[in-house]
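Report on the structure given below.
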Amino acid sequence: MTSGAATALVSELRDAQHLPLYRRDLLQRVVDEILEEYAQLEKGIEAWRSGSSQQGSRVEDRALQGSLLVRRARLLRNKRCVLAYLVNRLRRVEQACWNRDPTIYSGPSEDKGTTGRATALLSEAERTYASRYEALLAAYGSAVGLDLRSALLVPPKEEFIEVRVLEDCGDFFMASSGQSAHLAKGTVHFVRRADVELLIQQGKLEHLTPKC
Numbered sequence: 001m002t003s004g005a006a007t008a009l010v011s012e013l014r015d016a017q018h019l020p021l022y023r024r025d026l027l028q029r030v031v032d033e034i035l036e037e038y039a040q041l042e043k044g045i046e047a048w049r050s051g052s053s054q055q056g057s058r059v060e061d062r063a064l065q066g067s068l069l070v071r072r073a074r075l076l077r078n079k080r081c082v083l084a085y086l087v088n089r090l091r092r093v094e095q096a097c098w099n100r101d102p103t104i105y106s107g108p109s110e111d112k113g114t115t116g117r118a119t120a121l122l123s124e125a126e127r128t129y130a131s132r133y134e135a136l137l138a139a140y141g142s143a144v145g146l147d148l149r150s151a152l153l154v155p156p157k158e159e160f161i162e163v164r165v166l167e168d169c170g171d172f173f174m175a176s177s178g179q180s181a182h183l184a185k186g187t188v189h190f191v192r193r194a195d196v197e198l199l200i201q202q203g204k205l206e207h208l209t210p211k212c
């Protein structure tokens, strides 16, 4: 029995720049291989015990032991591949939640279709995990009064920046001043970076860097 499915499973994830579609078919093939290896391993162990009690030849005994070790190593390898695949995907889901990555992020969006397309990449268990992970981030951030996912966790070089509005945002509340600004498409504003960081991340505003 080969481990081609296990190799394909891990290689596909390793080579993908973004999280690929959850491969239930490949995963099931690897699980089936693991179960088959386990069944054959049990039979082999029983045969080895039976042969040892009947005092079979040492050559046959060692050959059987060798085949059992190979089967066990193959089974454990496949198991590690499955665990690596699942854990790596969860780590990418967590990172997507932190970055609000639109390719995976399942949080609120103005484009309702985006959520459906993004979460289609995930298994049902991964969607549940992402939803609960986002809820934990939001709950903790609310409790400590800090947006944990803000890029401002790294101190910015500029406190005030010039931005151009790429999408109409309407009247936007500036938390630092307690006032609202009307962000109409095409207009340029000089604002505190902390107030508009999320809009920049979402692609609604463009940070205009000064020309030297």
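In terms of UniProt numbering, the sequence shown opens at residue 1 and continues consecutively. By construction, the Cβ of each residue, glycine as well, lies at the ideal position given by its N, Cα and C atoms.
- The beta strand (DSSP E) runs lying completely inside the segment 118 to 145 and spanning 3 residues or more number zero.
- Annotation: the continuous beta strand (DSSP E) that includes A181 extends over Q179 to L183.
- For G170, the uninterrupted beta strand (DSSP E) run begins and ends at G170 to M174, by DSSP.
- For E162, the uninterrupted beta strand (DSSP E) segment begins and ends at F160 to V165.
- Of the other Cβ atoms in all chains shown, 16 or more fall within 10 Å of the Cβ of K204; this residue is therefore buried.
- Assignment of beta-bridge partners to L205 by DSSP yields V165.
- Assigned with DSSP and collapsed to three states, R23 falls in coil, not helix or strand.
- In the DSSP assignment, R192 falls within the unbroken beta strand (DSSP E) covering V188 to R192.
- Using a C-beta cut-off of 8 angstroms, the segment 129 to 137 makes contact with the segment 88 to 95, since at least three inter-stretch Cβ pairs fall below that distance.
- By the C-beta density criterion, V144 is exposed, having fewer than 16 other C-beta atoms within 10 angstroms.
- In terms of Cα proximity to N88, the closest of Y38, V10 and F190 is V10.
- It is roughly 14 angstroms from the alpha-carbon of A5 to the alpha-carbon of L83.
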